[in-house]
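Its first residue numbered 1, the sequence shown is counted upward by one per residue in the numbering used here.
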Amino acid sequence: MDKYLIVIICGIVAGFLARWIMLRSDYRHYPTHPHGQLVHLAIGFIAASLGAVAVPAIMKPDFVAVTFLVLAAQQFRDVRNMERENLSKLEETKLIRRGTDYIEGIARVFEARNYLVILTALITSLVVHRWGWPYAFVTGPLCIFLSTRLMSGKQLGDVVDVVPGRVHFQGSLLMVEDVVIMNVALPQIKEKILKEGMGVIIKPKNDDARLTLDAPGQRQAIIHDVVSILGSKVDTAEPDLMPLARKQLDKGYLGLFIVANEPDLDYLMEIIRKVPVLESARGTALKSFYGRKAAD
Numbered sequence: 001m002d003k004y005l006i007v008i009i010c011g012i013v014a015g016f017l018a019r020w021i022m023l024r025s026d027y028r029h030y031p032t033h034p035h036g037q038l039v040h041l042a043i044g045f046i047a048a049s050l051g052a053v054a055v056p057a058i059m060k061p062d063f064v065a066v067t068f069l070v071l072a073a074q075q076f077r078d079v080r081n082m083e084r085e086n087l088s089k090l091e092e093t094k095l096i097r098r099g100t101d102y103i104e105g106i107a108r109v110f111e112a113r114n115y116l117v118i119l120t121a122l123i124t125s126l127v128v129h130r131w132g133w134p135y136a137f138v139t140g141p142l143c144i145f146l147s148t149r150l151m152s153g154k155q156l157g158d159v160v161d162v163v164p165g166r167v168h169f170q171g172s173l174l175m176v177e178d179v180v181i182m183n184v185a186l187p188q189i190k191e192k193i194l195k196e197g198m199g200v201i202i203k204p205k206n207d208d209a210r211l212t213l214d215a216p217g218q219r220q221a222i223i224h225d226v227v228s229i230l231g232s233k234v235d236t237a238e239p240d241l242m243p244l245a246r247k248q249l250d251k252g253y254l255g256l257f258i259v260a261n262e263p264d265l266d267y268l269m270e271i272i273r274k275v276p277v278l279e280s281a282r283g284t285a286l287k288s289f290y291g292r293k294a295a296d
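Quick look at the structure:
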């Protein structure tokens, strides 16, 4: 009994620490409030307990207890639905929205993190049961490190080049280099845009990246992350100052325009490079035979 208790405690500690480390709260990662963090830490503790108890249950053996893992999978799918619903409701009050693709990506991540917690607790418990509790100091940190690596996906800077773009007008058309952004009629708005507006060009490195930039959800994610840090002077009565990302139809790159509260062009480009590549927008054309032939 004492041996199983040590096995379970080591597994729970490793799994809970993994969930704690993966609970990142910044401008891109939800939750950002203490109550939301507490909910996910509590669910992470339950996931760690399930993973830690599985090894003693199998060794005893008590295969009925292992079936709780199947029930846990259903509960974690409910966590995904909960996050999707919460973020979708919060979207209704935002001027600059994340978009449904970004929300779905966040919900999937929270579900996947609980499975990584179970796996971390399970492996740690197994090693402790086989070789003793001192090995938990090696296995636990290693599993936590691998979990954080698995959760880190591609960033936009890996697939695109971001360069400054000149903001100017052709008649009433607002342009970033040769990309048409929108039509602006009021002279005072034009003057404000020329004085305070910033523009960048986002160039795909290959055809996969071009397909990624084609996705409206990816463009909305870029705008959301930029506004979350630099702010925006858009208001409900100022649609002409809305940050936008438009495509150069012939060449496939994007022009992004924003009038920010913090007009720092270098930081703007760095933020765009750090935007995550959404799973729903990830291009894979070059991985297919016909995609490679078409790109030749």
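For every residue, glycine included, the Cβ atom is placed at its ideal position computed from N, Cα and C.
Source: prediction; values computed, not measured.
By how many angstroms is the C-alpha of residue j removed from the C-alpha of residue i?
{"i": "Gly153", "j": "Arg98", "result": "18 angstroms"}
{"i": "Gln75", "j": "Leu50", "result": "12 angstroms"}
{"i": "Ile223", "j": "Ile96", "result": "8 angstroms"}
{"i": "Lys94", "j": "Ile202", "result": "25 angstroms"}
{"i": "Phe145", "j": "Met182", "result": "46 angstroms"}
{"i": "Lys192", "j": "Val167", "result": "12 angstroms"}
{"i": "Gln220", "j": "Pro204", "result": "17 angstroms"}
{"i": "Thr212", "j": "Leu156", "result": "9 angstroms"}
{"i": "Met175", "j": "Lys195", "result": "14 angstroms"}
{"i": "Phe137", "j": "Tyr115", "result": "21 angstroms"}
{"i": "Gly105", "j": "Asp264", "result": "28 angstroms"}
{"i": "Met269", "j": "Glu83", "result": "30 angstroms"}
{"i": "Ile8", "j": "Phe45", "result": "12 angstroms"}
{"i": "Val79", "j": "Arg282", "result": "24 angstroms"}
{"i": "Val184", "j": "Gly171", "result": "9 angstroms"}
{"i": "Phe59", "j": "Leu38", "result": "Note on residue identity: the sequence assigns Met, not Phe, to residue 59. C-alpha separation (whole angstroms): 33 angstroms."}
{"i": "Arg108", "j": "Leu122", "result": "21 angstroms"}
{"i": "Glu92", "j": "Arg113", "result": "27 angstroms"}
{"i": "Ile118", "j": "Leu249", "result": "47 angstroms"}
{"i": "Pro134", "j": "Ile43", "result": "27 angstroms"}
{"i": "Pro141", "j": "Tyr4", "result": "21 angstroms"}
{"i": "Ala57", "j": "Cys143", "result": "21 angstroms"}
{"i": "Ile103", "j": "Leu87", "result": "7 angstroms"}
{"i": "Val200", "j": "Asp266", "result": "10 angstroms"}
{"i": "Met198", "j": "Leu90", "result": "28 angstroms"}
{"i": "Trp131", "j": "Pro61", "result": "19 angstroms"}
{"i": "Leu126", "j": "Ser280", "result": "36 angstroms"}
The alpha helix (DSSP H) spanning residue i covers which residue range?
{"i": "Gly217", "result": "216-230"}
{"i": "Arg108", "result": "100-131"}
{"i": "Tyr305", "result": "This structure leaves residue 305 out entirely; the chain is present only between 1 and 296."}
Is it true that the CB of residue j sits closer than 8 angstroms to the CB of residue i?
{"i": "Asp158", "j": "Leu278", "result": "no"}
{"i": "Thr124", "j": "Cys10", "result": "yes"}
{"i": "Leu302", "j": "His40", "result": "With the chain running from 1 to 296 in the structure shown, residue 302 is simply not present."}
{"i": "Ile189", "j": "Asp235", "result": "no"}
{"i": "Asp129", "j": "Val55", "result": "A quick correction: the sequence has His, not Asp, at residue 129. Yes, these two residues count as a Cβ contact at 8 angstroms."}
{"i": "Pro243", "j": "Val227", "result": "yes"}
{"i": "Gly15", "j": "Thr120", "result": "yes"}
{"i": "Glu177", "j": "Gly252", "result": "no"}
{"i": "Asp225", "j": "Ile258", "result": "no"}
{"i": "Ile6", "j": "Ala48", "result": "no"}
{"i": "Leu186", "j": "Val180", "result": "no"}
{"i": "Ser232", "j": "Ala260", "result": "yes"}
{"i": "Val162", "j": "Arg273", "result": "yes"}
When DSSP builds the beta bridges, which residues end up paired with residue i?
{"i": "Ile254", "result": "Correcting the residue identity first, residue 254 is Leu in this sequence and not Ile. Answer is Ile202, Lys247, bridged to Leu254."}
{"i": "Pro276", "result": "Gln155"}
**OP:** Write down every uninterrupted run of the beta strand (DSSP E) in the stretch 143-190 whose length is 3 residues or greater and which is fully enclosed by it, in chain order.
**Re:** As far as the stretch 143-190 is concerned, its whole beta strand (DSSP E) runs of at least 3 residues are 160-165, 167-170, 173-176, 179-183.
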